[in-house]
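Enquirer:
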């Protein structure tokens, strides 16, 4: 009987993950989805709006549809609000009177703007916040057109082949402890470390792949040197001068090689968790005068959308519980500790400005609290 219960629980967990991933994929593909619950909600990502799916929202909604926006984006559109930038707000809209270009402009400050102001907000519908969370995990802008529908219409909608996901499944999937699966392990000699290997992990929540790069034999140290590095295609691969990510990555590997061992976790959390496309949108806003955080907020994102629970889970899978963390970010230290990793000390990891990224580095220091070589936490946490 016990084995049967465990098997049933695993099956339900797998079905939930499949349903949530299917819904995220559909939103990215521009399809409306149904978020089921006591009051079913038809949901469309504003940045993928088309004439067809705007008409579908209008036909299925039993009440006036709403545009869900994060407060940071609403503020950029002229709505006076003091809410935190990631707070979800709802504004009545008539999708049948809007063009897809107008809807995309409401979501995205980097495309041509057709509407500049919003009306008075209305109540966020049930499951509205959950739907926005789903869009963000799909790395879409947190801007949705939503409409309440009936259970009967929801069933009819489902028979047409559109994805259906239960609101409780979304909450359950995103609130569970981080879990992962080892996919592949291989030797990977580097120019700075001839003895190195890479382990690929799949994140059960998003399906994305993350890499643990192991230099030498960290098990010989009671607290190995560890760097938790968020992927940065522009900096790590292209050598962009707008950030310090590429130099931080290379210097971390060099320091581990100098010590003889260490672990670098390369996580699929581009742009502090907002994804590559949104990061490039933020770059455009920075060219217009905003700093890094202001640009994120104007897109509707919080200052940092990353979760380091996955990094902790990888370290535990590697048998590492205590680390010396190569980082300047105090939030990263705190997060790792919350997920059960003992941070014995912080090892400062400062890269000199290059003339292009000076404002970026200053914003991280003054607005995000990043530490410097001289800070007291550079020795012991």
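Residue numbers (our numbering): 2 to 382. Every residue, glycine too, gets a C-beta built ideally from N, C-alpha and C.
Whole-angstrom Cβ separation of residue 144 and residue 301, contact assumed at under 8 Å?
Expert: Sure, about 6 Å apart at Cβ, within 8 Å.
Enquirer: Can you tell me which residues form a DSSP beta bridge with residue 218?
Expert: According to DSSP, which records beta bridges pairwise, residue 218 is partnered with nothing at all.
Enquirer: For residue 380 and residue 222, I'd like the C-alpha separation in whole angstroms.
Expert: Bear in mind that the predicted position of residue 380 carries a pLDDT of just 40, short of 50, making it unreliable; the figure below should be weighed with that in mind. As the crow flies, the alpha-carbon of residue 380 is around 18 Å from that of residue 222.
Enquirer: Measure how close the beta-carbons of residue 21 and residue 166 come, nearest whole angstrom, since I'm counting them as under 8 Å.
Expert: 6 Å
Enquirer: Could you have a look at residue 36 and say whether DSSP puts it in helix, strand or coil?
Expert: strand
Enquirer: Pull the bridge partners of residue 212 from the DSSP assignment, please.
Expert: 201, 267
Enquirer: Rounded to whole angstroms, what's the CA-CA distance from residue 163 to residue 17? Just pull it up for me.
Expert: Spanning the two alpha carbons is a distance of roughly 17 Å.
Enquirer: Nearest by alpha-carbon distance to residue 130: which of 89, 109, 115 is it?
Expert: 89
Enquirer: Looking at the structure shown, is residue 154 part of a helix, part of a strand, or coil, going by DSSP?
Expert: Secondary structure of residue 154 (DSSP, three-state): helix.
Enquirer: For residue 4, is the classification buried or exposed, using 16 other Cβ atoms within 10 angstroms of its Cβ as the cut-off for buried?
Expert: Low confidence applies here, because residue 4 scores a pLDDT of 48, under 50, leaving its location unreliable; read the following figure in that light. So residue 4 ends up on the exposed side.
Enquirer: Could you give the uninterrupted runs of the beta strand (DSSP E) lying entirely in the segment 301-347, keeping only those of 3 residues or more?
Expert: You should have 323-327.
Enquirer: Using the DSSP secondary-structure output, state which residues sit across from residue 51 in a beta bridge.
Expert: According to DSSP, residue pairing for residue 51 in a beta bridge does not occur.
Enquirer: Going by beta-carbon coordinates alone, are residue 62 and residue 152 separated by less than 8 Å?
Expert: no
Enquirer: Among 204, 326, 230, which one has its Cα closest to the Cα of residue 348?
Expert: Nearest option by C-alpha distance: 326.
Enquirer: Could you have a look at residue 248 and say whether DSSP puts it in helix, strand or coil?
Expert: helix
Enquirer: Spatial neighbours of residue 314 within its chain, please: C-beta separation below 6 Å, excluding the five flanking residues on both sides.
Expert: 179, 181
Enquirer: Does residue 365 pass the burial test, meaning 16 or more other C-beta atoms within 10 Å, or should it be called exposed?
Expert: buried
Enquirer: Between the segment 233-249 and the segment 354-362, do three or more beta carbon pairs fall short of 8 Å?
Expert: yes
Enquirer: How is residue 254 classed by DSSP in three states: helix, strand or coil?
Expert: Residue state, collapsed to three classes: helix.
Enquirer: Could you check the C-alpha separation between residue 185 and residue 215 for me, to the nearest Å?
Expert: 13 Å
Enquirer: Who are the near neighbours of residue 101 in its chain, counting only those whose CB is closer than 8 Å to its CB and skipping five residues on each side?
Expert: Within its own chain, the residues whose Cβ lies closer than 8 Å to the Cβ of residue 101, once the five positions on either side in sequence are excluded, are 50, 51, 52, 55, listed in chain order.
Enquirer: Sorted by chain position, which residues of the same chain lie with C-beta nearer than 6 Å to residue 15's C-beta, five sequence neighbours on each side aside?
Expert: none
Enquirer: According to DSSP, which residues form a beta bridge with residue 167?
Expert: 37.
Enquirer: Are there 16 or more other CB atoms within 10 angstroms of the CB of residue 176, so buried, or fewer, so exposed?
Expert: exposed
Enquirer: Given a cut-off of 8 Å, decide if residue 168 and residue 196 are closer than it, judged by their beta-carbon atoms.
Expert: no
Enquirer: Starting from residue 133 and walking both ways along the beta strand (DSSP E), at which residues does that stretch end?
Expert: Residue 133 -> not in any beta strand (DSSP E); alpha helix (DSSP H) instead, spanning 129-138.
Enquirer: Name the two residues that bound the continuous alpha helix (DSSP H) containing residue 298.
Expert: Start and end: 293-299.
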